[in-house]
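Each number in my numbering corresponds to the 1-based position in the sequence shown with 1080 added.
Glycine included, each C-beta is placed from N, C-alpha and C at the ideal position.
Computed from a predicted structure; not experimentally measured.
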Amino acid sequence: MDKNYQVCTHCVMDTTDSNLTFDENGVCDRCREYEQHILPWWNHGKGHEVELKAILEQVRISGKGKKYDCILGLSGGLDSCYMLHLAVKEWGLRPFVFHIDAGWNLPVAEENIKKLCDKLNVHLHIQKLDFEELKQMQIAFFKTGHAGLDVPQDHAFIAQIDKYSEELGVKYILNGYNICTEIVADPESWFDGAGPTADKTYVKDVLKKHGNVKTKNYIYTTGFKHKFVLPYIKGVKTLQLLNYVPFTKAEMLATLQREYDYKPYGQKHFEDLLTKFLEAWWLPTRFGYDIRRAQLSSLIITGQMSREEALEILKNPPASDEECKKMFDEVAEKLVISKEELMSYHKLPKKYLHYKNNAWAFKIGIRLYQLLGLDKRIRK
């Protein structure tokens, strides 16, 4: 192990994030950022009742005479499912609920989605992506050697939100992001060389340089459209309403299990075969970091888990060797490539080509959002 390796004495973020800094007590800058700038406003979701009531009233007024008053993307994960529960059952909103089927859903995710939508009596709009196109896109991204390999389906999700907001004339998007379970973002250094997920320029250049992949049915968006045109020209607002209500991860899961017989996945993002494979095996074995550190640190600094509990969890791998081997074989089979070819991408040198991107614009946009108080997440 690197002699300079260090773990935060308060959370479990470590120097696999090359940008992490520590104070004289060994506490990382992420923990300090939370205490100084996030917690005073958030207050564990308490004290926002008046503000939340006003926002919900605006959403309802904007939807008068329309079939829907907001848009909600449903992945099947814990956060988006809880968002749907609150939106419909607790707040009486009328969301346009959509799901992106990128071909990697695990059965348990589809079952959870169906149970929620059936009981809440909401129509689920499923956007099924062209898997032949997506498959070629996915292989192109494997060829980059980057860590950010689920860009094809992540970009599609953002693009569909933008498309639906324009087509439906709906002014509010409900986003399941929440400080409670996600305050610590995955560090930028873990994804060195990759461009922004919502950057069409970056995605298209990867496809051009790795197989000249052509797409006919895939829908793109741009950061300019997503971060500027829609919110500031067309007045489409993205709301992170989970930050206005008090709950814990355990309470969120208990509610969904009690109301909808929701089946947990064991780890965040494990409702998707590709993402589960990447986070459980590919990233730790190729890049040497464990994405659970950010997830567990979010729970530690928000008071839902002790550091000792998190360290115990980290002693064991996210999935067994047998399960990882099975996922490796399944991913190769779905991509219609040999296991040898898939492994060759795992062994690529960590020296990356330069891809055209608009990362500078995204950084300016994020900084602006932070200054305006619209982005409450610890990023670096």
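Asked                                                                                                                                             : Found
Do K1243 and G1315 have their C-beta atoms within less than 7 Å of each other?                                                                    : no
Alpha carbon to alpha carbon, how far is V1087 from Q1233? Give it in angstroms, no decimals.                                                     : 32 Å
On the DSSP bridge assignment, give the partners of K1208 in chain order.                                                                         : D1181
Quick check on C1091: does DSSP put it in helix, strand or coil?                                                                                  : coil
Hey, S1377 and M1093: beta-carbon distance below 7 Å or not?                                                                                      : yes
By a C-beta neighbour count over all protein chains shown, 10 Å radius and 16 as the cutoff for buried, is W1184 buried or exposed?               : buried
If you scan the segment 1254–1282 from start to end, which runs of the alpha helix (DSSP H) of 4 or more residues do you find wholly inside it?   : 1259–1262
Heavy atom of the ligand MN less than 6 Å from the Cβ of G1106, yes or no?                                                                        : The ligand MN is absent from the structure shown, which contains no ligand whatsoever.
Can you have a look at H1117 and say buried or exposed, based on whether 16 or more other CB atoms are within 10 angstroms of its CB?             : exposed
Would K1195 and Y1369 be called neighbours here (beta carbons separated by less than 7 Å)?                                                        : no
Smallest Cα separation from K1099: which of N1437, G1256, K1431 and E1268?                                                                        : Looking at the sequence itself, residue 1099 is Asn, so the reference to Lys does not match. Ranking N1437, G1256, K1431 and E1268 by Cα distance to N1099 puts E1268 first.
What are the start and end residues of the alpha helix (DSSP H) that includes K1031?                                                              : In this structure the chain extends from 1081 to 1460, so residue 1031 is not present and cannot be described.
If you drop the 5 nearest sequence neighbours on each side, which residues of the same chain put their C-beta closer than 6 Å to that of G1156?   : A1189, N1192, I1193 and E1351
Specify, as a first and last residue, the run of the beta strand (DSSP E) that L1152 falls within.                                                : C1150 to G1153
Report the partner residues of Y1244 according to the DSSP bridge assignment.                                                                     : Answer is none; Y1244 lacks a bridge partner.
Below 7 Å CB to CB, which residues in the same chain sit around L1229 once its five sequence neighbours on both sides are set aside?              : F1221, F1222 and L1358
May I have a chain-ordered list of the alpha helix (DSSP H) segments no shorter than 4 residues that lie completely inside the segment 1106–1137? : 1109–1113 and 1119–1122
Give me the Cα-Cα distance between V1095 and N1084, rounded to the nearest whole angstrom.                                                        : Here the sequence assigns Thr to residue 1095, which means Val is not the residue at that position. Roughly 8 Å separates the two Cα atoms.
Give me the Cα-Cα distance between K1419 and K1406, rounded to the nearest whole angstrom.                                                        : 11 Å
Indicate the three-state DSSP secondary structure (helix, strand or coil) for P1364 in the structure shown.                                       : helix
Measure the alpha-carbon distance for E1170 versus V1202 and round it to whole angstroms.                                                         : 14 Å
Three or more C-beta pairs under 8 Å: does that hold for the segment 1321–1333 against the segment 1127–1136?                                     : yes
For K1317, which three-state DSSP category applies?                                                                                               : strand
From which residue to which residue does the alpha helix (DSSP H) around L1428 run?                                                               : L1428 -> no alpha helix (DSSP H), and no H or E assigned at all.
DSSP state of F1304, grouped into three classes?                                                                                                  : helix
Report yes if the CB atom of A1274 is closer than 7 Å to the CB atom of H1226, and no otherwise.                                                  : yes
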